[in-house]
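Beneath this line is the structure, given in structure tokens, with notes to follow.
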Amino acid sequence: MKNGVVIIGAGHAGVQAAASLREEGFDGPVTLIGDENELPYHKPPLSKAFMKDADAKPQMLRAEAFYANGRIELMLGSSVERIDLSGRRLDLSGGGHIAFDRVILATGSRPRTLALPGSDLARVLSLRSVADARAIREASGSDDIVVLGGGFIGLEIAATLAAGGRRVTVVEAQDRLLARAAAPVIAAHVRSRFEASGVRLLTNTTIERLQGQNGHVTAAVTSSGERLPAGLVLIGVGVVPNSELAEAAGIAVANGIRVDPQMRSSQPEILAIGDNANFRHWLSGTDVRLESVQNATDQARLAARTITGHEDAYRSVPWFWSDIGDMKLQMVGLAAGSDRSVVVGEAAENRFSVFHYLGDRLICIESVNRPADHMLGRKMLAAGFSPNPATLASDDLKAQFAAWQQLQPTEPA
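This is the structure we're talking about:
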């Protein structure tokens, strides 16, 4: 490949794709384009440790020398305006263009916005980048903070700021927290822990408008007319995939960029990975778009193998995590479609797991402070093992799984 591979997006997916291309023996040019001026960094700490420490710096995904040593051209502070499929080139927003043989779209997602009166006031913020995290950190001296959205990001930020002594109110439009992300029993447990720590939670509630003074937000007014004092408003109501570049080029999109099991889009020379990739998941048989570091890195590795001539299909078991206060939430598998759930452990001890079944088949485990269940679950789901739900609380799952493995036929060498 004379012109090589251009990767658009320098987050977890993009950096892993560049690394994996070299690991797979690709010797052509590799260009990694990122729209931020920072070296590529880890995103998860931004809502937690980074926000607590005024001196904290972003954790780099790779040392700066990695890019030079790997012959990866790193273009920071750059963005692509258009994909010219017929000319096999990318037009850059600042002028100029780059020729390509293959493109990997690792453009990720962006925070969903709310069309609220007053949303243009200062100190109305969302979190996606280190610049956003710095702005939130600088504004978090406010005594009263309102968080819009009771999903993972909103709750992580709320827990972090409440631990710093701030008065925090979380406003969620659904009837419970984590409505699209976790089982009701876990959502109820998270709610009880938050309320015990002094965080106010308003569910079945929306914000009608934001009020301000001298250009800065001072309050959020709810759908019931209640005025919530707020020197800082954080919006965490989900994300939107960055698929506009692909759509403008005529590439098929539907809640993200549609890809096949090898991560190829409807234009085979264009691949998509990470938050912006929508695909048929082997585990659930449904079309999904997954927002997780695991999915981003696993798809990046697979895209590199596709480009280097392999035809592997995506078969990773999805897993996620979220650190919310004193709760480590870990999920493995996909719970959608579950018709039976079994709770193991004690919520009162802040340590339990929820095993989700579809018929007799285990499809997901959600854990609170039970990492052993999570790690074993990753192995069980990958192998296709489903423990008897009636014996979950009494049986040694690790021993049961080991015994089952001994009975499985071995593949010929």
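Going left to right, the sequence shown walks through residues 1 to 413 as the UniProt record's numbering numbers them.
Just so it is clear, CB atoms sit at the ideal spot from N, CA and C, and this is done for glycine as well.
- Excluding sequence positions up to five before and after Val221, its CB lies within less than 8 angstroms of the CB of Ile207, Glu208, Arg209, Leu210, Gln211, Arg227, Leu228, all in the same chain and listed in chain order.
- Looking at the DSSP output, Asn278 bridges to Arg258.
- Nearest to Ile363 by C-alpha distance, out of Asn369, Gly345, Ile72, Ala382, is Ala382.
- In the DSSP annotation of this structure, the continuous segment of the alpha helix (DSSP H) that includes Ser192 starts and ends at 184 to 196.
- Between Gln59 and Pro40, the C-beta spacing is not below 8 angstroms.
- When only Cα atoms are considered, Ile157 and Thr205 end up about 19 angstroms apart.
- Counting only residues of its own chain and dropping the five nearest sequence neighbours on each side, Phe279 has a CB closer than 6 angstroms to the CB of Val259.
- In the structure shown, Ala106 adopts coil according to DSSP, grouped into three states.
- Annotated as distal: Gln267 and Ala13, with beta-carbon spacing of 8 angstroms or more.
- The beta carbons of Met327 and Arg193 sit about 6 angstroms from each other, so the pair counts as a contact at 8 angstroms.
- Cβ contact annotation for Val130 (same chain, cutoff 8 angstroms, sequence separation greater than five): Glu36, Glu38, Tyr41, Leu46, Phe50, Pro58, in chain order.
- When beta bridges are read from the DSSP output, Leu334 appears opposite no residue.
- Sequence-distant Cβ neighbours of Ile7 in its own chain, meaning closer than 8 angstroms and more than five residues away, are Gly14, Ala17, Ala18, Val30, Thr31, Leu32, Ile33, Val103, Ile104, Ala106.
- In the three-state reduction of the DSSP assignment, Lys398 falls in the helix class, which pools H, G and I.
- Non-local beta-carbon contacts of Gly215 in its own chain, meaning distances under 7 angstroms to residues more than five positions away in sequence, involve Leu121, Ala122 in chain order.
- Scanning Ile136, Val171, Arg89 for the CA closest to the CA of Ser223 turns up Val171.
- In the DSSP assignment, the residues bridged to Asp323 are Lys328.
- Every unbroken stretch of the alpha helix (DSSP H) spanning 4 or more residues and falling wholly within the segment 104 to 176 is given here in chain order: 130 to 139, 152 to 163.
- Put simply, of Arg128, Ile273, Asp175, Leu302 the residue whose alpha carbon is nearest the alpha carbon of Leu234 is Arg128.
- Contact between Arg301 and Val332 is absent: CB atoms are separated by about 19 angstroms, not below the 8 angstroms threshold.
- Using a Cβ distance threshold of 8 angstroms, Arg167 and Asp132 do not count as a contacting pair.
- Val124 and Ser386 have their C-alpha atoms roughly 46 angstroms apart.
- Around the beta carbon of Asn276, a 10 Å sphere encloses 16 or more other beta carbons of the protein chains shown; the residue is thus reported as buried.
- In this structure, DSSP gives Ser353 an extended state, which the three-state scheme calls strand.
- In this structure, Gln262 lies near Ala313, with their beta-carbon atoms less than 8 angstroms apart.
- When the five nearest sequence neighbours on each side are left out, the beta carbons in the same chain lying within less than 6 angstroms of the beta carbon of Asp91 are those of Glu81, Arg82, His97, in order along the chain.
- Nearest neighbour of Ala163 by Cα position, chosen from Ala187, Glu195, Arg134, Ala183, turns out to be Glu195.
- Put simply, of Leu358, Asp395, Leu178 the residue whose alpha carbon is nearest the alpha carbon of Asp373 is Asp395.
- Among the bridge pairs identified by DSSP, Tyr41 is matched with Met60.
- Relative to the Cα of Gly9, the nearest Cα in the group Gln408, Gly70, Asn242 belongs to Asn242.
- Residues of the same chain with a CB within less than 6 angstroms of the CB of Phe401, apart from the 5 flanking positions on each side, are Met380, Phe385 in chain order.
- Excluding residues up to 5 positions away in sequence, Leu74 lie with their Cβ nearer than 6 angstroms to the Cβ of Tyr67 in the same chain.
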